[in-house]
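J.: Sharing a structure below in structure tokens format, with a few things to ask.
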Amino acid sequence: MTVVIEPRTARQLRHPEKQGRPDTPIQRKPQWLRVRAPGSSGYAATRAIVREAGLVTVCEEAGCPNIGECWEKSHATMMIMGEVCTRACGFCNVATGKPAPLDPTEPARVAEAVARMGLKHVVITSVDRDDLADGGARHFAQTVAAIRAAAPAATIEILTPDFLRKKNAAEIAIAARADVFNHNLETVPRLYHSIRPGARYYASLRLLERAKEVNPAQFTKSGLMLGLGESRDEVLQVMDDMRCAGVDFITVGQYLQPSRKHAAVERFVPPEEFKALAAIAYAKGFLMVAASPLTRSSHHAGEDFERLRAARAALDAV
Ligand code: SF4
Numbered sequence: 013m014t015v016v017i018e019p020r021t022a023r024q025l026r027h028p029e030k031q032g033r034p035d036t037p038i039q040r041k042p043q044w045l046r047v048r049a050p051g052s053s054g055y056a057a058t059r060a061i062v063r064e065a066g067l068v069t070v071c072e073e074a075g076c077p078n079i080g081e082c083w084e085k086s087h088a089t090m091m092i093m094g095e096v097c098t099r100a101c102g103f104c105n106v107a108t109g110k111p112a113p114l115d116p117t118e119p120a121r122v123a124e125a126v127a128r129m130g131l132k133h134v135v136i137t138s139v140d141r142d143d144l145a146d147g148g149a150r151h152f153a154q155t156v157a158a159i160r161a162a163a164p165a166a167t168i169e170i171l172t173p174d175f176l177r178k179k180n181a182a183e184i185a186i187a188a189r190a191d192v193f194n195h196n197l198e199t200v201p202r203l204y205h206s207i208r209p210g211a212r213y214y215a216s217l218r219l220l221e222r223a224k225e226v227n228p229a230q231f232t233k234s235g236l237m238l239g240l241g242e243s244r245d246e247v248l249q250v251m252d253d254m255r256c257a258g259v260d261f262i263t264v265g266q267y268l269q270p271s272r273k274h275a276a277v278e279r280f281v282p283p284e285e286f287k288a289l290a291a292i293a294y295a296k297g298f299l300m301v302a303a304s305p306l307t308r309s310s311h312h313a314g315e316d317f318e319r320l321r322a323a324r325a326a327l328d329a330v
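Everything in the sequence shown is counted per my numbering, starting at 13 for the first residue and increasing by one.
Below you can see the structure in the form of structure tokens.
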């Protein structure tokens, strides 16, 4: 059956495809997941730059709990290629629908904002663009090139879609030579049919492996959410899979349910369990591990990049 997705207007629902699902009440968060409401002057300054440049951020679109802390430090994760996604993942708050055509001025606008914000490390992500022949890979590459020109000292991390069934797209994105190539596996393979129904676990894993094969000097990074019903053994297996694909850096955080129509939180994983998983991940050979309830792919990405670089240098010195 062909599903025709119409362009989204401001009045439309963010997730029309989820409206037939039963409501799942959102559970009260435990103490360790509560954060201060955003409101500092640094937060306001970042917000002003984002608005003036007409940029979209995953911080806002995904309803990230860390926005107050990150924006206070001028750390925003730019989401390119619009704010409407062609996938309908069970965990994600980014709006679903038919996206607008690509804006050719976007790479330059993003680059200018990076320069204005004086960012040392920038994370660029995107919606999935299954409607484009290359899945948006060229737009990623153009954005990386524009940032290199406008802010040559900044290190760049790209957090990409899976480019599923897009011939040569992965190679185009990898050839952009970002400092970090990040693609999140998100969850264990058993849960893909409900959490990432449009994705394929082994295709995502292969993308990470390909990035390392083509450019071994580029750091690779991937993330997992916990609390969706995965078992500990399944998480450990995913870690092994990532290591087999040469992934350098793993992030592990708690899944939070964005609305009553999204996948339910099966459990809130306590901070001690994240710490134990971090120790195991290091033992499995990851160069860097970030694992805590509030860890997100791009949380503390700048500081983590410095630590990642130092970890590789220390290893090379042995
Ligand atoms: S953790 Fe990432 S997505 Fe969340 S506010 Fe910080 S930069 Fe934005």
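Using N, Cα and C, we set each Cβ at its ideal position, and we do this for glycine too.
Just tell me which of 202, 108, 197 has its CA closest to the CA of residue 24.
T.: If we check each option's Cα against that of residue 24, 108 comes out closest.
J.: Grouping DSSP H, G and I as helix and E and B as strand, with all else coil, what is residue 198?
T.: Strand.
J.: Considering only C-alpha positions, which residue in the set 306, 270, 169 is nearest to residue 2?
T.: Since the displayed the chain opens at 13 and closes at 330, residue 2 lies outside it and no answer follows.
J.: Give the secondary structure of residue 311 by DSSP, where H, G and I count as helix, E and B as strand, and everything else as coil.
T.: If DSSP states are grouped into helix, strand and coil, residue 311 belongs with coil.
J.: With three or more C-beta pairs closer than 8 Å as the rule, is the segment 53-67 touching the segment 93-105?
T.: Contact fails: fewer than three Cβ-Cβ distances are below 8 Å.
J.: Can you look up residue 329 in the DSSP assignment and give me helix, strand or coil?
T.: Three-state result, residue 329: helix.
J.: Roughly how many angstroms lie between the CA atoms of residue 18 and residue 290, to the nearest whole one?
T.: The predicted model places residue 18 with a pLDDT of 48, which falls under 50 and marks its position as unreliable; any figure quoted below should be read in that light. Distance between the alpha carbons of residue 18 and residue 290: 43 Å.
J.: Specify, as a first and last residue, the run of the alpha helix (DSSP H) that residue 302 falls within.
T.: Note, residue 302: premise wrong, no alpha helix (DSSP H); beta strand (DSSP E) at 300-303.
J.: Rounded to the nearest angstrom, what separates residue 14 and residue 160 at their Cα positions?
T.: Unreliable placement is indicated for residue 14, whose pLDDT of 37 sits below 50; no coordinate value is reported for it.
J.: Taking Cβ positions, are residue 172 and residue 149 nearer each other than 9 Å?
T.: Closer than 9 Å, so yes.
J.: With distance defined between alpha-carbon atoms, name the residue in 286, 264, 325, 155 nearest to residue 310.
T.: Taking only the C-alpha atoms, the option nearest residue 310 is 264.
J.: Can you give me the C-alpha to C-alpha distance between residue 122 and residue 91, rounded to a whole angstrom?
T.: C-alpha separation (whole angstroms): 9 Å.
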